[in-house]
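Residue numbers (numbering that gives the first Met the number 0): 0 to 290.
All residues carry an ideal CB built from backbone N, CA and C; glycine is no exception.
Before any comments, here is the structure.
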Amino acid sequence: MGPKERIDHVKRLIRKEEEEKQKAKDAALAKLKLEKGFEDALADGDAALASKEFVEAKNAYRRAQQLKLDSPVPAQKIEKADQLQQEWEKAEAERKAKAEAERKAAAKARAEAEQAQKAYDDAIAQADKFFNAREYDQAAAGYIQAAEMKPEMEYPKSQLEEIKRLKEDRAKNLAKKAAQEAAAKREAERARKEKQKAQKEAENRADKARENRMKRYQELQPEALAAKFPSGISHEEYDDGQRMVKKSTIVENGAGRQLMRYKYPWGAEFFFLNGKQITKDAYYWDMRKYR
Numbered sequence: 000m001g002p003k004e005r006i007d008h009v010k011r012l013i014r015k016e017e018e019e020k021q022k023a024k025d026a027a028l029a030k031l032k033l034e035k036g037f038e039d040a041l042a043d044g045d046a047a048l049a050s051k052e053f054v055e056a057k058n059a060y061r062r063a064q065q066l067k068l069d070s071p072v073p074a075q076k077i078e079k080a081d082q083l084q085q086e087w088e089k090a091e092a093e094r095k096a097k098a099e100a101e102r103k104a105a106a107k108a109r110a111e112a113e114q115a116q117k118a119y120d121d122a123i124a125q126a127d128k129f130f131n132a133r134e135y136d137q138a139a140a141g142y143i144q145a146a147e148m149k150p151e152m153e154y155p156k157s158q159l160e161e162i163k164r165l166k167e168d169r170a171k172n173l174a175k176k177a178a179q180e181a182a183a184k185r186e187a188e189r190a191r192k193e194k195q196k197a198q199k200e201a202e203n204r205a206d207k208a209r210e211n212r213m214k215r216y217q218e219l220q221p222e223a224l225a226a227k228f229p230s231g232i233s234h235e236e237y238d239d240g241q242r243m244v245k246k247s248t249i250v251e252n253g254a255g256r257q258l259m260r261y262k263y264p265w266g267a268e269f270f271f272l273n274g275k276q277i278t279k280d281a282y283y284w285d286m287r288k289y290r
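Have a look at this one:
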């Protein structure tokens with residue numbers, strides 16, 4: 000074997016050695032990847048099982064089982080998941096059955112209570128009807144019936160006491176009623192006079208308001224504004240206690256117009272031209288020469 004052949008032979012040996020090393024490295028990486036996939040699948044299953052997601056947990060354990068067929072761990076975990084799922088489903092069924100039984104018992108109790116309450120309310124309503132009609136014997140019978148239905152209620156008892164007092168003091172109450180009726184008549188007459196007075200005052204205020212509106216209308220006429228204010232623009236700003244007011248009067252070519260801006264504490268703004276509401280854009284358009 001010549002030098003060249005020996006060199007080629009050495010190179011082939013080196014390449015073979017490198018290829019074997021690479022294969023070993025690839026095998027090690029594949030094993031690590033397989034191991035990581037196996038552990039990740041088990042971890043996914045454990046997390047799902049902790050959240051009672053039994054189907055997802057068993058699916059994850061089956062993935063792990065496929066990755067390492069010789070490992071007993073996935074099968075053990077699947078068995079445990081099946082057991083936990085059965086226990087959970089049994090407990091859930093018992094909980095639902097208990098809740099349904101409690102719901103039915105509560106519904107029955109409510110129905111009975113509502114029925115008893117309705118009977119009591121009907122008896123009270125009938126007794127109140129007789130009481131309000133001053134048919135005290137019939138009213139007393141109704142209150143007695145209601146008191147027997149619900150001995151803890153104070154209203155029927157107090158009404159029975161009231162009926163007793165009323166029957167004993169009927170004559171006195173009739174006199175008192177007559178006095179009350181006379182007082183009521185006087186009060187009605189006083190109220191009638193007060194109403195007439197209030198109506199008159201309202202009419203006066205309405206007349207005054209119409210006068211003020213007419214005066215304001217006349218003051219806002221172009222000729223009146225031109226006579227009162229100088230040419231150009233005049234500003235007046237003040238707080239009227241509810242809002243900030245800016246009054247701008249513009250006099251041009253012998254005619255005037257008045258722009259008003261009302262700004263409220265919460266930020267709302269309203270704009271007027273000679274007493275008529277306008278938009279914000281119209282307001283600032285009219286003011287554009289003087290801004």
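- With respect to the C-alpha of Tyr261, the residue from Gln276, Ile123, Glu251 having the closest C-alpha is Gln276.
- In this model, Lys15 and Glu34 are separated by some 28 angstroms (Cα to Cα).
- Closest in C-alpha terms to Ala47, from the list Ile143, Ala281, Ala56, comes Ala56.
- Residue state for Ser157 is assigned as helix, using DSSP reduced to three classes.
- DSSP places Phe228 outside both helix and strand once states are collapsed to three, so it counts as coil.
- Within the same chain, Pro221, Leu224, Ala225, Phe228, Thr248, Ile249 come within 7 angstroms of Gly255 by CB-CB distance, once the 5 residues on both sides are set aside.
- For the options Gln116, Ala187, Ala108, Ala145, the alpha carbon positioned closest to that of Ala126 is the one of Ala145.
- Annotation for Met148: the continuous alpha helix (DSSP H) segment containing it runs 135 to 148.
- The DSSP-derived three-state label of Glu88 is helix.
- Looking at the DSSP output, Asp238 bridges to Met243.
- Excluding its 5 nearest sequence neighbours in each direction, Lys245 has C-beta neighbours in its own chain below 6 angstroms: Glu236, Arg260, listed in chain order.
- Counted as a single uninterrupted DSSP element, the stretch harbouring Glu151 is not any alpha helix (DSSP H), since DSSP gives it neither H nor E.
- Take the alpha-carbon of Lys79 and the one of Ala63: they are about 15 angstroms apart.
- Contact annotation: Asp285 and Leu272 have beta-carbon atoms nearer than 9 angstroms.
- In the DSSP annotation of this structure, Tyr282 is not part of any beta strand (DSSP E); the continuous alpha helix (DSSP H) holding it starts and ends at 279 to 285.
- Leaving aside the five residues that flank Ile123 on each side, the residues in its chain whose CB is nearer than 6 angstroms to its CB run, in chain order, Ala145.
- Arg290: not part of any alpha helix (DSSP H); DSSP gives it neither H nor E.
- For Tyr261, the enclosing beta strand (DSSP E) starts and ends at 254 to 262.
- Residue pairing of Gln276 in beta bridges, as defined by DSSP: Phe271.
- At the C-beta level, Ala59 and Ala74 stay beyond 9 angstroms of one another.
- Per the C-alpha coordinates, the member of Glu101, Asn252, Phe269 positioned closest to Leu258 is Phe269.
- With respect to Ala138, Phe130 sits close: the two C-beta atoms are nearer than 9 angstroms.
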